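This report refers to the structure that appears directly beneath it.
Protein chains in written order, with the working numbering: chain A, 691 to 805; chain B, 304 to 414.
In structure tokens form, the structure reads like this:
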């Protein structure tokens, strides 16, 4: 079974802090993703990466950055946290597409509160 | 998470009955469609997928139907059980690199 592990289930930070959310997958997947999930808005893609040191902006990248130094690890960084970044953050991974289509496998999320 | 089910349409089904969850997708160029299940406090879990060259695919107790003409996807769950209670999302995309998620339907199983 694919295992996607997010380092924290709950996190409380203060406005202006730099926040790191970590995600590790153990299935040698090429693709990794960061989403945020808010009531009424569903899942929205922040950033994704299809290879080490590669990244692409998703639909809502503002206020976030990412880092992928190793294949198994994908970090989401809030450069200067703001209250509107209070949300559930979900990490996912998948095999490379290769025209076949591959399902994304999700971690259990980090509920981040910015005070 | 715990708040995922808020503000969502809810389908209430008697235990043992069949459930049908519907999804309208927006991008007619999509070639891949997926259903996810999200239980309270957990991340979405992959259930079943279907490609645009198919109109039906069956899994264990689940069937996905695709109608490209009206851009409609449905998930049928046979003999619904209490453990099926969750929020169900459809997702669609092209090439799977980047998908769009629907907002979800909450399935409530009545014992």
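Glycine is no exception: its CB is placed at the ideal position from the N, C-alpha and C atoms. Model, not experiment: these values are computed from the prediction.
- Against chain B, the CB of residue 710 of chain A has no partner CB under 7 Å away; the residue lies outside that interface.
- The contact set of residue 751 of chain A on chain B, defined by CB atoms closer than 7 Å, is empty, because the minimum CB distance reaches about 13 Å.
- When DSSP states are grouped into helix, strand and coil, residue 330 of chain B belongs to the coil group.
- The beta carbon of residue 764 of chain A sits no closer than 7 Å to any beta carbon of chain B.
- By the Cβ neighbour-count rule, residue 793 of chain A is buried, with 16 or more other Cβ atoms within 10 Å of its own.
- Contact between residue 413 of chain B and residue 329 of chain B fails: their C-beta atoms lie close to 32 Å from each other, not under 8 Å.
- Within chain B, the residues whose beta carbon sits less than 7 Å from that of residue 735 of chain A are 401, listed in sequence order.
- Taken in chain order, no unbroken stretch of alpha helix (DSSP H) lies wholly in the region 719-756 of chain A with a span of 4 residues or more.
- At least 7 Å separates the beta-carbon of residue 782 of chain A from that of residue 720 of chain A.
- Per DSSP, reduced to three states, the secondary structure at residue 775 of chain A is helical.
- Against chain A, a Cβ distance below 7 Å from residue 345 of chain B picks out 798.
- Within chain B, no residue has its CB atom less than 9 Å from the CB of residue 768 of chain A, the nearest being about 18 Å off.
- Between residue 732 of chain A and chain B, the shortest Cβ-Cβ separation is below 7 Å.
- For residue 396 of chain B, the uninterrupted beta strand (DSSP E) segment begins and ends at 389-396.
- When DSSP reads this structure, residue 760 of chain A sits in a beta bridge with A:763.
- For residue 763 of chain A, the CB contacts under 6 Å within the same chain, skipping 5 residues up- and downstream, are 714 in chain order.
- What residue 719 of chain A touches in chain B, judged by beta-carbon distance under 7 Å, is nothing: the nearest beta carbon there is about 12 Å away.
- Contact of residue 780 of chain A with chain B is assigned, a C-beta pair being separated by under 7 Å.
- Where residue 371 of chain B is concerned, there is no enclosing beta strand (DSSP E), because DSSP gives it neither an H nor an E.
- Using a Cβ-Cβ cut-off of 7 Å, residue 375 of chain B does not count as an interface residue toward chain A, since no Cβ of chain A sits closer than that to its own.
- Assignment of beta-bridge partners to residue 783 of chain A by DSSP yields A:722, A:795.
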